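The structure appears below as structure tokens.
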Amino acid sequence: MLSKKLQNALNDQINKEFFSEYFYLSMSAYLESIEMEGFANYFNVQAQEEHFHAMKMFNFVHDKGGRVILKSLPEPKADFKSVLNLFEDALEHERYITKSINDLMDVAIKENDHSVKSFIEWYVDEQVEEEASMTKIISKLKLINGEGLGLLTLDNELGSRTFTPEAE
Ligand code: OFO
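Take 8 as the starting number for the sequence shown in this note's numbering and just add one per residue.
Laid out in structure tokens, this is it:
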């Protein structure tokens, strides 16, 4: 059984993961609108990852005998100043999610629920990867000044990213 406190915290995090999906889809749509198809693909795949994160937690709450309550999603930002600006927004969002996952872990520790702690560990590790991958792309964008042939090359490179769900 899940404590009420943990169930609420998990439901809040499910909402944030679905918002991440929505936010990255909005970024993908913006990138499509400026013909940056590889970057758009990167965020399309990112949105699929976020859907996976949300559903993994959704299923876990049910496995624990809890109740999932879906809430409304905020309207995501639709316009960005540049590809670099967009990635900086994405990284800032991931840092916010990392803090949220850490807070969720704090609740699991306080409630002394070992199965939730073990489950949340996966998200703790995932956040390291999420932030690292975006930081790497931001560094490359800065190196090429966010423009020209370098931008097109990076766009081309990110066009090959695919979604590979982990084996359960
Ligand atoms: Fe779900 O990791 Fe990004 O937000």
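Ideal Cβ placement from N, Cα and C applies to all residues, glycine included. Owing to the predicted nature of the structure, the values given are computational and were not obtained by experimental measurement.
Put simply, the backbone Cα of GLU44 is about 8 Å away from that of ASN163.
Taking a C-beta distance under 8 Å as the contact criterion, GLY73 and GLN134 do not qualify as a contact pair.
Annotation: THR171 to GLU24 spans about 18 Å, alpha carbon to alpha carbon. Residue nearest to ILE21 within the set LEU9, SER33, PHE59, ALA36 is PHE59 (criterion: CA-CA distance). Remark: C-beta atoms of ILE127 and MET141 do not approach each other more closely than 8 Å. For GLU101, the number of other beta carbons within 10 angstroms of its own is at least 16, and it is reported as buried.
When the five nearest sequence neighbours on each side are left out, the beta carbons in the same chain lying within less than 8 Å of the beta carbon of LEU9 are those of LEU17, VAL68, LYS71, GLY72, GLY73, ASP120, VAL123, in order along the chain.
Taking all protein chains shown into account, GLU56 has 16 or more neighbouring C-beta atoms within 10 Å of its C-beta and is therefore buried.
Collapsing the DSSP output to three states places SER122 in a helix.
A residue is called buried once 16 or more other Cβ atoms fall within 10 Å of its Cβ, and LEU159, having fewer, is exposed. If the five residues before and after GLU138 are omitted, its C-beta is found closer than 6 Å to the C-beta atoms of GLU101, all from its own chain and listed in chain order.
Taking 8 Å as the upper bound for CB-CB distance, ILE108 and VAL131 are in contact here, some 6 Å apart. In the three-state scheme derived from DSSP, where H, G and I count as helix and E and B as strand, SER79 is classed as coil.
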